[in-house]
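Student: Using the working numbering, the first residue of the sequence shown is number 153, and each one after it goes up by one.
Note that beta-carbon positions come from the ideal geometry of N, C-alpha and C, so glycine has one too.
Bear in mind that the values here come from a model prediction, so they are computed numbers and not experimental data.
The structure that follows is given in the form of structure tokens.
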Amino acid sequence: MAADTPSTPLGALPVDFASGAETRILRLFARFVSAGYLFYLILLAPAIGDQTRAMAAWWTPFGVVAVFIPPLAMGAATFGRDLRWVRLFAGVTALSYVVAAATWPIAWNGVLLQSDSWISSIPGLSGLAAAVAWGPRRTISQLVVAITIVQLINHACRVPNHNGAFVPDLAFAMSFCLLFVAAALMAMRTGRLLDETQSGAHAVAAAAAAIEARAVQRVRFNALVHDWVMSTLLAAARQPHTDVVRNQARLTLSKLDELGDVEQGSFDARAVLAHLRTAVGAVDDSLRVDTRVDPGAEKATYPAEAIRVVGGAVSEAVRNSVLHAGDRARRSVSVTVGAMGLEAVIADTGTGFDIEAVAPHRLGLAVSIRGRMQQLDGGSVDVQSCLGAGTTIKMVWVAQP
Numbered sequence: 153m154a155a156d157t158p159s160t161p162l163g164a165l166p167v168d169f170a171s172g173a174e175t176r177i178l179r180l181f182a183r184f185v186s187a188g189y190l191f192y193l194i195l196l197a198p199a200i201g202d203q204t205r206a207m208a209a210w211w212t213p214f215g216v217v218a219v220f221i222p223p224l225a226m227g228a229a230t231f232g233r234d235l236r237w238v239r240l241f242a243g244v245t246a247l248s249y250v251v252a253a254a255t256w257p258i259a260w261n262g263v264l265l266q267s268d269s270w271i272s273s274i275p276g277l278s279g280l281a282a283a284v285a286w287g288p289r290r291t292i293s294q295l296v297v298a299i300t301i302v303q304l305i306n307h308a309c310r311v312p313n314h315n316g317a318f319v320p321d322l323a324f325a326m327s328f329c330l331l332f333v334a335a336a337l338m339a340m341r342t343g344r345l346l347d348e349t350q351s352g353a354h355a356v357a358a359a360a361a362a363i364e365a366r367a368v369q370r371v372r373f374n375a376l377v378h379d380w381v382m383s384t385l386l387a388a389a390r391q392p393h394t395d396v397v398r399n400q401a402r403l404t405l406s407k408l409d410e411l412g413d414v415e416q417g418s419f420d421a422r423a424v425l426a427h428l429r430t431a432v433g434a435v436d437d438s439l440r441v442d443t444r445v446d447p448g449a450e451k452a453t454y455p456a457e458a459i460r461v462v463g464g465a466v467s468e469a470v471r472n473s474v475l476h477a478g479d480r481a482r483r484s485v486s487v488t489v490g491a492m493g494l495e496a497v498i499a500d501t502g503t504g505f506d507i508e509a510v511a512p513h514r515l516g517l518a519v520s521i522r523g524r525m526q527q528l529d530g531g532s533v534d535v536q537s538c539l540g541a542g543t544t545i546k547m548v549w550v551a552q553p
């Protein structure tokens with residue numbers, strides 16, 4: 153398609169779920185829980201083998217598979233991109249533990265145990281798995297049910313002289329496991345709040361970009377009024393019927409029409425370049441903007457909303473360079489307008505910075521430049537920088553079908 157797309161959707165920048173805070177925390181906890189199950193499988197292996205004599209032949213293989221296989225699958229799923237599988241296996245882990253514990257009395261042959269049942273050692277891990285999969289209410293409900301079942305198993309199946317009071321044992325197990333499960337739930341909630349805060353910051357950046365774009369348009373309008381409208385009116389007052397005045401009036405009307413087209417929602421290639429020059433000049437009026445219009449772009453039109461956002465990001469990139477690159481830095485801006493989109497490159501020879509050292513929650517570069525460009529369908533930005541070697545920011549917008 154051509155670049156004369158009528159509009160480009162904008163709004164609050166959605167959180168990138170491949171790298172959001174909640175996603176990172178979820179992966180971490182899922183791997184932690186999976187590793188915990190693997191550790192306990194090794195640790196409990198002797199007890200599992202010893203307690204088979206108290207169970208029906210079918211139950212021990214069933215119990216081991218139900219309790220330990222889903223969390224191992226959950227851990228493997230954390231290395232994929234689709235976290236729905238992680239949540240799915242986490243939910244299966246939480247439920248299959250309860251199912252295995254609930255079937256224990258059915259398979260018990262009456263032989264009393266000399267120690268706690270092996271399945272009663274890990275209800276907290278199943279609660280952590282539930283915290284990965286679900287919200288607080290379902291997680292706490294699962295934990296209460298799981299702990300109650302395994303404590304009943306212990307008090308029914310252990311030798312009498314090994315049993316204590318049921319209620320204190322239940323209360324201790326509840327409080328001990330709940331401490332870790334509550335921490336996991338709060339960590340998940342903190343990740344969600346951080347992602348929502350970042351999304352809100354991106355929305356604020358979008359609003360700021362719109363305000364800045366209107367300011368740039370106001371500068372263009374003021375310049376047009378001063379340079380063309382007022383001068384044409386003055387010339388007409390002095391020499392009203394000359395060809396020079398008529399030609400100047402036609403040019404003025406043409407420029408007003410161009411500005412009107414922009415206000416109605418579209419830019420042509422010349423208006424794009426004029427807007428970006430104004431955006432750069434609003435920050436550093438001495439900085440030259442190198443421009444190029446590719447063949448086929450002369451007749452294309454571009455959604456004004458997209459160009460305003462690009463202009464805001466370009467302006468912010470130049471502002472960051474002026475503030476942080478150093479007094480001796482040399483800056484350059486180049487803009488290429490093509491039939492299907494545009495490219496803007498802002499470079500300097502300043503101090504630069506370590507991109508890897510910029511935390512993901514820092515909102516400067518992330519919101520003001522990356523956030524603005526990523527709000528556009530077809531928008532992207534690439535930042536290259538190194539300490540002592542300057543910074544290059546390449547912004548690209550391509551019209552989408």
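Can you give me the start and stop residues for the alpha helix (DSSP H) that Met226 sits inside?
Tutor: 211–229
Student: Return the chain-ordered ranges of every alpha helix (DSSP H) run that is complete within the region 452–477 and spans a minimum of 4 residues.
Tutor: 456–476
Student: Have a look at Pro553 and Val470 and give me their C-alpha separation to the nearest angstrom.
Tutor: Across the structure, Pro553 and Val470 are spaced so that their CA atoms are roughly 31 Å apart.
Student: Please classify Asn261 as buried or exposed, where buried requires at least 16 other C-beta atoms within 10 Å of its C-beta.
Tutor: Answer is exposed; the Cβ neighbour count stays below 16.
Student: Please report the straight-line C-alpha distance between Ala317 and Ala298, rounded to a whole angstrom.
Tutor: 19 Å
Student: For Gly232, tell me which candidate among Tyr249, Arg183, Thr245 has the shortest Cα-Cα distance.
Tutor: Closest by alpha carbon: Arg183.
Student: For Met382, count neighbouring Cβ atoms within 10 angstroms of its own Cβ and tell me buried if that reaches 16, exposed if not.
Tutor: exposed
Student: Where does Val107 fall in DSSP's three states?
Tutor: Not covered by the structure: residue 107. The range shown for the chain is 153 to 553.
Student: Put Leu331 into one of helix, strand or coil per three-state DSSP.
Tutor: Of the three classes helix, strand and coil, the one that applies to Leu331 here is helix, per DSSP.
Student: Count the other C-beta atoms from every protein chain shown that fall within 10 angstroms of the C-beta of Ala335, then say buried if there are 16 or more, exposed otherwise.
Tutor: exposed
Student: For Ala253 and Val302, I'd like the C-alpha separation in whole angstroms.
Tutor: Each residue's Cα considered, the two are about 6 Å apart.
Student: What residue does the beta strand (DSSP E) around Gly490 start on, and which one ends it?
Tutor: 483–490
Student: Which residue's Cα is closest to the Cα of Ile498: Arg482, Gly490, Glu508, Ile507?
Tutor: Taking each of Arg482, Gly490, Glu508, Ile507 in turn and checking the Cα distance to Ile498, the smallest one comes out for Arg482.
Student: Does DSSP classify Arg183 as helix, strand or coil?
Tutor: helix
Student: Helix, strand or coil, according to DSSP, for Arg444 in the structure here?
Tutor: strand
Student: CB Val489 to CB Ala496, shorter than 7 Å?
Tutor: no
Student: With DSSP collapsed to three states, give me the class of Ser438.
Tutor: Note: Ser438 maps to coil in three-state DSSP.
Student: Could you pull out every unbroken alpha helix (DSSP H) segment of at least 4 residues lying fully inside the region 263–335, listed in chain order?
Tutor: 275–285, 288–309
Student: What residue from Thr544, Thr543, Val263, Arg444 has the CA that sits closest to Arg422's CA?
Tutor: Arg444
Student: Around the C-beta of Gln294, are 16 or more other C-beta atoms found within 10 angstroms, so that it is buried, or is it exposed?
Tutor: So Gln294 ends up on the buried side.
Student: Are the region 204–211 and the region 235–243 touching, with three or more C-beta to C-beta distances below 8 Å?
Tutor: no
Student: Cα separation between Leu196 and Tyr249?
Tutor: Put simply, the backbone Cα of Leu196 is about 15 Å away from that of Tyr249.
Student: If we count Cβ pairs, one from each stretch, closer than 8 Å, do we get three or more for the region 329–346 versus the region 281–288?
Tutor: At 8 Å Cβ cutoff, the stretches touch.
Student: Quick check on the burial criterion: 16 or more other C-beta atoms within 10 angstroms. Buried or exposed for Thr230?
Tutor: buried
Student: Just to confirm, are Val251 and Pro222 a CB contact at a threshold of 7 Å?
Tutor: no
Student: Helix or strand or just coil, what does DSSP make of Gly523?
Tutor: For Gly523, the secondary structure class from DSSP, reduced to helix, strand or coil, is helix.
Student: Looking only at its own chain, which residues have a Cβ that is under 7 Å from the Cβ of Val424, when we skip the five neighbours before and after it?
Tutor: Excluding the 5 residues flanking it on each side, Val424 has same chain C-beta neighbours closer than 7 Å at Tyr454, Ile459, Val489, Leu494, in chain order.
Student: Where does Glu450 fall in DSSP's three states?
Tutor: coil
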